[in-house]
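Some notes on the structure that comes next.
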């Protein structure tokens, strides 16, 4: 019992000593601590002010300016979408003029897809690499589009890598079966029949309601014939 009381006293003394040292440190460094706190408050205030009075207006303006470029994109007028028409900005202008905005990020996506349609595959990859999103639809389409571009450039290894990324990292009922099928067809063309068969069967099993699943049986049959 006496030992327990001694330990409690020792612990209390250690706590008091620690508190005393902390108080002494604060007292000795009061100016530095005050400056540090003031600096943090100032940084936060500047950040919030920058966001409210500069970034948000820029975002609003960029979205307004990009309206016509998106309209051209949806009409497959990809050159006008990228470069503008002389009256309205194109996606490249949005990227250059409003680089810090989310609109500029989306413009990089649109630009990459536009270049893909125009057959300018290296430019497509470059701009798609600048696009950053975790959106369950846009993100896999961007990765898959890079795969399409690499395939057109003759780099089947990188194309397959992108297709796998598109279907494995962003699973959903719309895009996943599409890129599973693209990967399977590429594997089949490369002679990797076992892996291709697994993907074809995976599409049929995991996404039975998809358009890709309705065509899976004939691909499965074709691969099995090749394997025999």
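Residue numbers (our numbering): 115 to 342.
C-beta: ideal position from N, C-alpha, C; glycine also.
- When secondary structure is reduced to three states using DSSP, residue 322 falls in the coil class, being assigned neither helix nor strand.
- Residue 322 and residue 281 have their C-alpha atoms roughly 16 Å apart.
- Residue 317 sits close to residue 326, with the two beta carbons spaced by under 7 Å.
- The residue from 220, 179 and 214 with its alpha-carbon nearest to that of residue 200 is 179.
- The straight-line gap separating the alpha-carbon atoms of residue 189 and residue 228 is approximately 11 Å.
- Two segments are said to touch when three or more pairs of C-beta atoms, one from each, lie closer than 8 Å; by this definition the stretch 267-281 does not touch the stretch 243-250.
- When only Cα atoms are considered, residue 331 and residue 269 end up about 28 Å apart.
- Counting the other CB atoms within 10 Å of its CB gives residue 262 a total of 16 or more, which places it among the buried residues.
- Residue 189 sits in coil when the DSSP states are folded into three classes, being neither helix nor strand.
- Collapsing the DSSP output to three states places residue 282 in a helix.
- When DSSP states are grouped into helix, strand and coil, residue 214 belongs to the coil group.
- Going by DSSP, residue 242 is part of the alpha helix (DSSP H) stretching over 235-244.
- The Cβ atoms of residue 206 and residue 196 lie closer than 7 Å to each other.
- DSSP places residue 178 within a helical segment (H, G or I) once states are collapsed to three.
- For the options 212, 223, 304 and 234, the alpha carbon positioned closest to that of residue 242 is the one of 223.
- Only residues of its own chain outside the window of five on either side were considered, and among them 280, 284 and 289 have a CB closer than 6 Å to the CB of residue 254, listed in chain order.
- If the five residues before and after residue 301 are omitted, its C-beta is found closer than 6 Å to the C-beta atoms of 309 and 310, all from its own chain and listed in chain order.
- From the listed residues 266, 337 and 286, the smallest Cα separation to residue 298 is found for 337.
- Residue 221 is a Cβ neighbour of residue 209, given a cutoff of 7 Å.
- Between residue 266 and residue 235 the beta-carbon gap is near 5 Å, inside 8 Å, which marks them as a contact.
- Taking 8 Å as the upper bound for CB-CB distance, residue 313 and residue 294 are in contact here, some 5 Å apart.
- Ranking 193, 259 and 324 by CA distance to the CA of residue 286 puts 324 first.
- Counting of Cβ neighbours within 10 angstroms places residue 239 among the buried residues, the total reaching 16 or more.
- With a cutoff of 7 Å on beta-carbon distance, residue 202 and residue 182 are scored as near each other.
- For residue 231 and residue 335, the gap between their C-alpha atoms comes out near 32 Å.
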